[in-house]
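A.B. asks:
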Amino acid sequence: MDLFPCHDHFVKIITRTTMPTTRSPTFQPTKKWIRVLAASAPIIPWLVQLVQPRWLRSPFTPRQLIYTHNSIPLIFAPWTLEHTSLPAVLSRAVQVAVFWNTLPCSVIYCYLLWAPVALVRTLVGYLLSRSVGWAYPSLFCHWALYETVEGFGPLLVAILFIPSTPVNHPVPEAQIGYMIAGLTFALALLDRAPWTYGVAVVCGSVLALGYHVVRLARQNPKHPMMLMHTNMPRS
1091 MDLFPCHDHF
1101 VKIITRTTMP
1111 TTRSPTFQPT
1121 KKWIRVLAAS
1131 APIIPWLVQL
1141 VQPRWLRSPF
1151 TPRQLIYTHN
1161 SIPLIFAPWT
1171 LEHTSLPAVL
1181 SRAVQVAVFW
1191 NTLPCSVIYC
1201 YLLWAPVALV
1211 RTLVGYLLSR
1221 SVGWAYPSLF
1231 CHWALYETVE
1241 GFGPLLVAIL
1251 FIPSTPVNHP
1261 VPEAQIGYMI
1271 AGLTFALALL
1281 DRAPWTYGVA
1291 VVCGSVLALG
1301 YHVVRLARQN
1311 PKHPMMLMHT
1321 NMPRS
């Protein structure tokens, strides 16, 4: 007769909570040509500028939606190019490195995230300038409305928050936070876009929270003591 019917269940719980975890469920090694295509996405504007500069679109700013209702820059924002300075080149180099090493299959995922990030970014610009900003001058921020958005930097930051994102190699959870913080600070500094990257962090955090809530709801966990009656041997 087993005197500790729930012993095995408690051992599983302790092992699960104490062992280090990685993003191995989302580990998806990819083919080299896919990695090349993904890594080339941030440098497409440079190639377009060499071939036909007139094809380039202007970067996205919230004022384009608020004042002129022009949505074309919003659609092409990840592939726009305004600055060709050294910080802009370094920013694109970092984006290429992230796509190549960590997120080779996430160009489409990043672009799908662009709509909520851009809309929240527009709302923040509206609130801190035309809406609340005029009523309370202390909250007025001109840069929140006119800050330009270009490249995949903010979207890379947002998508790294989501645990289900397919990655190129397992990343320990203990290092994910440091990687996201360092990447966010570096790209925000190089792109001179603190408002955009701040919104990207908020959107990524909200999506990550929603993912965990949905996952917990689907698992329908039960307390270990509730299994006592089901594991007890019948006399």
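For the sequence shown, the working numbering assigns the number 1091 to the initial residue and increments by one for each residue that follows.
Idealized CB from N, CA, C, for every residue including glycine.
Keep in mind it's a predicted model, so treat the numbers as computed, not measured.
Would you list the one or two residues that DSSP bridges to Val1239?
C.D. replies: Phe1150, per the DSSP bridge assignment.
A.B. asks: Determine the closest residue to Arg1153 out of Ala1208, Arg1144, Gly1243, Val1303, with distance taken between C-alpha atoms.
C.D. replies: Residue Ala1208 is the option with its Cα nearest to Arg1153.
A.B. asks: Leaving aside the five residues before and after Leu1213 along the sequence, list all residues of the same chain whose C-beta is less than 7 Å from its C-beta, in chain order.
C.D. replies: So no residue of the chain qualifies.
A.B. asks: From the DSSP output, in three-state form, read off Thr1212 for me.
C.D. replies: Correct three-state label for Thr1212: helix.
A.B. asks: So for Leu1202, helix, strand or coil by DSSP?
C.D. replies: Helix at Leu1202.
A.B. asks: Give me, in chain order, the residues of the same chain whose beta-carbon lies closer than 8 Å to that of Leu1235; leave out the 5 immediate sequence neighbours on both sides.
C.D. replies: These residues qualify, in order along the chain: Thr1151, Pro1152, Arg1153, Ile1156, Gly1215, Tyr1216, Leu1218, Ser1219, Arg1220.
A.B. asks: Which residue's Cα is closest to the Cα of Leu1074: Cys1200, Pro1149, Phe1242?
C.D. replies: Lying outside 1091 to 1325, the shown extent of the chain, residue 1074 is not represented and no answer is given.
A.B. asks: For Trp1169, report the span of its alpha helix (DSSP H) as first-last.
C.D. replies: It is not in any alpha helix (DSSP H) - Trp1169 carries neither H nor E in the DSSP assignment.
A.B. asks: Along the chain, where does the alpha helix (DSSP H) that runs through Asn1160 open and close?
C.D. replies: Careful: Asn1160 lies outside any alpha helix (DSSP H) and carries neither H nor E.
A.B. asks: Give every residue of the same chain whose Cβ lies closer than 7 Å to the Cβ of His1232, excluding the five residues on either side of it in the sequence, and list them in chain order.
C.D. replies: Same-chain partners within the cutoff: Ser1219.
A.B. asks: Since Val1197 and Ala1128 are thought to touch, with beta carbons under 8 Å apart, how far apart are those beta carbons, to the nearest angstrom?
C.D. replies: About 5 Å separates the two Cβ atoms, so the contact holds.
A.B. asks: Are the beta-carbon atoms of Glu1237 and His1173 separated by less than 9 Å?
C.D. replies: Cβ distance not < 9 Å, so Glu1237 and His1173 don't count as in contact.
A.B. asks: Could you give the distance in angstroms between the alpha-carbon of Pro1177 and the alpha-carbon of Arg1308?
C.D. replies: C-alpha separation (whole angstroms): 45 Å.
A.B. asks: To which residues of the same chain is Leu1273 closer than 8 Å at the C-beta, ignoring the five residues directly before and after it?
C.D. replies: Once the five neighbours on either side are set aside, the close Cβ partners of Leu1273 are Val1184, Val1188, Leu1246, Val1247, Leu1250.
A.B. asks: Return the first residue and the last residue of the alpha helix (DSSP H) that His1302 is part of.
C.D. replies: Counting along the chain, the alpha helix (DSSP H) containing His1302 begins and ends at 1284-1309.
A.B. asks: Would you give the residue range spanned by the alpha helix (DSSP H) that Ser1181 belongs to?
C.D. replies: 1176-1191 is the span of the alpha helix (DSSP H), which, as asked, contains Ser1181.
A.B. asks: So, is Tyr1287 buried or exposed, given that buried needs 16 or more other C-beta atoms within 10 angstroms?
C.D. replies: With 16 or more Cβ atoms within 10 Å of its Cβ, Tyr1287 is classed as buried.
A.B. asks: For Leu1280 versus Ser1130, is the C-beta distance shorter than 9 Å?
C.D. replies: No, they are not a contact pair.
A.B. asks: Use the C-beta contact count for Gly1267: other C-beta atoms within 10 angstroms, 16 or more gives buried, fewer gives exposed.
C.D. replies: Looking at its Cβ environment, which holds fewer than 16 other Cβ atoms inside 10 Å, Gly1267 is exposed.
A.B. asks: Can you check whether the CB of Arg1147 is closer than 9 Å to the CB of Trp1190?
C.D. replies: In this structure, Arg1147 does not lie closer than 9 Å to Trp1190 by Cβ.
A.B. asks: Could you spell out the range, first to last residue, of the alpha helix (DSSP H) harbouring Leu1140?
C.D. replies: Here the alpha helix (DSSP H) through Leu1140 covers 1134-1141.
A.B. asks: Could you tell me the boundaries of the alpha helix (DSSP H) in which Ala1131 lies?
C.D. replies: Element bounds for Ala1131: n/a, residue is neither H nor E.
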